[in-house]
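**Q** Add 273 to the 1-based position in the sequence shown for the working numbering, that's all there is to it. Got a structure here, written out as structure tokens. Questions coming.
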Amino acid sequence: MCGVGPTSWSRLVGAEYGSLPFKEQIDFFRDKVNLPTKAWTDLWQGMHARAFVVAGATREALLSDLRGLVDDAIAKGTSLQEFRKGFRAAAAKHGWSYNGGEGWRAKTIYGTNLRTSYQAGRYKQMTAVAKTRPFWQYQHSESVRYPRPAHEGWNGLVLRWDDTWWDVHFPPNGWGCRCSVRTLSQRDLERLGKEGPDEAPKEEPRTVDIGTRGPVEVKDKGIDPGWDYNVGKTAWGQPVAQKVMEEWRAMKGDAWEVLSPGKPADYGRSERMPVDATTAKLVKKAATAEESRQQIETLLGHVPEKVFNLGGVVPVVVNAQVLADHLALSRTPFLPALIDALSDPYEVWGSFQRHKGTGRVVLRVRAMKVVRLDSTRSLLVVFDARNGALESWTAIPSKDLKYVEKQREGVLLYGR
């Protein structure tokens, strides 16, 4: 392909769905968060780069088993036949009734995850050598039984690696798409008889009605709805100059745009959160970080680390040492309220956000609860998790309604 990374996709005739496993591919998949969904369209475009979803799988235990099967396929190279056996066993174990036949459903889950993870991994490898191999060539796979005319038309197209055309057309470009991209140096370009890159084809957007999500715009012909994005760019971000990146960092929160702007009313939730009774009692302020760590371990059940399964849908690990190292001593009295909220949150939200500079998409999980401290005081506890670990938390008087409202946005993952 480009002298680095795995063997060319098109040469792997026996490996119908992907390639020999490689680190970037495995890392991409393992960075995903399990999310329960009723339909594939519950998430859209780049959101899928950050979440592992199986349409109709709404229980964490089921998702975890299916995820393990996909992980084995990506990291160990298990076959579709082996995956089908595991899929059948997982569905029976959890009593899952799914849409579609077993063979079709298993093949779709298997193929989609292997192809997207492969291409995301390749994107990271290819951008790493962009200085010496700055051109990318679209390659249509000859192994496709029913080729798409548009994909055949793009075969052999050469553009610079940072051409915006790739933001929409970097493979896969639809269900079952096996197209790929290879990198080229200037000498490779000359061997093809080209003095420079080609001109990017003009896009022909169209509107498609996909039912549950309603009419959506697809950015070009030949691309299936929901596939008109670059899975690698959304996962890793496009490399930018250090000076430019520093300017984006200075913008902090303003550098990110929310992709999932849902509100409580969209899910039939009440405007106000209820105040829950709690057995959590404030503790004395810790004098040192070591004392804080000891307090946290006690609250975790006298263990250094514990996994909380938020609402039964999102597991989050809390490490006493890590939390103590990043916790202001003035906040330690509220630790029992945090543990209470982790154990029994009122709501769990997933916020998909895209960096305006690099295009990278992240998923931030936010959970919250209002607890009553005494007859006159109540406290809003909000905490953020990322990549399965507690990232930050805060506890404030619940009377700040504007702050409360701002926290409740995105995709509602759990609510009681």
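A virtual CB, placed ideally from N, CA and C, is assigned to each residue, including glycine. If you're wondering where the values come from, they're calculated on a predicted model, not measured in any experiment.
1. State the beta-bridge partners of L663 as determined by DSSP.
2. With a cut-off of 8 Å, do at least 3 Cβ pairs link the region 547 to 565 to the region 341 to 349?
3. Assuming S533 contacts V684 under a Cβ cut-off of 8 Å, what Cβ separation, rounded to an integer in Å, is found between them?
4. Using only the alpha-carbon positions, how far apart do N582 and L611 sit?
5. At what residues does the beta strand (DSSP E) containing T581 begin and finish?
6. Which of the three DSSP states, helix, strand or coil, is assigned to I669?
7. Look at the Cβ atom of L335, then the Cβ atom of A365, and state whether they are nearer than 9 Å.
8. Which word fits Y411, buried or exposed, when buried means at least 16 other C-beta atoms lie within 10 angstroms of its C-beta?
9. Starting from the C-beta of R433, find all residues in its chain whose C-beta is less than 7 Å away, skip the five residues before and the five after it, and write them out in chain order.
10. I need the DSSP call for R604, collapsed to helix, strand or coil.
11. Is the beta carbon of Y396 closer than 9 Å to that of V504?
12. Would you call E468 buried or exposed, if buried means 16 or more other Cβ atoms sit within 10 Å of its Cβ?
13. Hey, could you find the ends of the alpha helix (DSSP H) F295 is sitting in?
14. State the Cα-Cα distance for the pair W509 and N307, rounded to the nearest angstrom.
15. Please name the residue or residues paired with N307 in a DSSP beta bridge.
16. Could you check whether the Cβ of W529 sits closer than 8 Å to any heavy atom belonging to the ligand ZN?
17. Following the continuous beta strand (DSSP E) through E620, name the residue where it begins and the one where it ends.
18. Use the C-beta contact count for I669: other C-beta atoms within 10 angstroms, 16 or more gives buried, fewer gives exposed.
19. Let me know the secondary structure DSSP gives F443 once reduced to three states.
20. Are the beta-carbon atoms belonging to R639 and G623 less than 9 Å from one another?
21. So V655 and V548 are in contact, right, with Cβ under 8 Å, and what is the actual spacing, rounded?
22. At 4 residues or longer, what runs of the alpha helix (DSSP H) sit wholly inside the region 536 to 592?
23. Determine the closest residue to D300 out of L387, E425, T437, H367, with distance taken between C-alpha atoms.
24. Let me know the secondary structure DSSP gives K492 once reduced to three states.
25. In this structure, how does DSSP classify E425 when only helix, strand and coil are distinguished?
26. Could you tell me the distance, in whole angstroms, from the CA atom of P309 to the CA atom of R566?
27. Look at the alpha carbon of A377 and the alpha carbon of F360, and state the distance between them as a whole number of angstroms.
28. In chain order, what residues of the same chain have a beta carbon less than 6 Å from the beta carbon of V286, not counting five sequence neighbours either side?
29. For R464, does the count of other Cβ atoms within 10 angstroms reach 16, so buried, or fall short, so exposed?
30. Using the Cβ count rule (16 or more neighbours within 10 Å means buried), how would you classify G495?
31. For W438 and A473, I'd like the C-alpha separation in whole angstroms.
32. Please determine, among V576, L555, R633, the residue with the shortest C-alpha to C-alpha distance to R604.
33. With distances taken between CB atoms, is the gap from W448 to T351 smaller than 9 Å?
34. For V688, list the residues DSSP reports as bridge partners.
35. Per DSSP, what are the beta-bridge partners of D436 in this structure?
36. Using DSSP with H/G/I as helix, E/B as strand and the rest coil, what is E530?
**A** On the basis of the coordinates in this document:
1. A658
2. no
3. 5 Å
4. 14 Å
5. The residue you asked about is not Thr; residue 581 is Phe in the sequence shown. Per DSSP, F581 belongs to the beta strand (DSSP E) from 578 to 583.
6. strand
7. no
8. buried
9. P407, F408, P470
10. helix
11. yes
12. exposed
13. Premise fails: F295 is in no alpha helix (DSSP H) and is neither H nor E.
14. 19 Å
15. F325
16. Summarising the ligand content, the structure contains no ligands, and the ligand ZN is consequently not present.
17. 620 to 628
18. exposed
19. coil
20. yes
21. Not a contact, Cβ separation roughly 15 Å.
22. 562 to 572
23. L387
24. coil
25. helix
26. 33 Å
27. For the record, residue 377 in the displayed sequence is Trp; it is not Ala. Answer to the nearest angstrom: the Cα atoms are 11 Å apart.
28. Residue placement at V286 is poorly supported in this model, since its pLDDT is 29, which falls under 50; the coordinates still yield a value, given next. Within the same chain, V286 has no close Cβ partners at all.
29. exposed
30. buried
31. 7 Å
32. L555
33. no
34. Strictly speaking, residue 688 in this sequence is Gly, with Val absent from that position. BP columns for G688 point to E620.
35. For D436, which the question treats as bridged, DSSP gives no partner whatsoever.
36. strand
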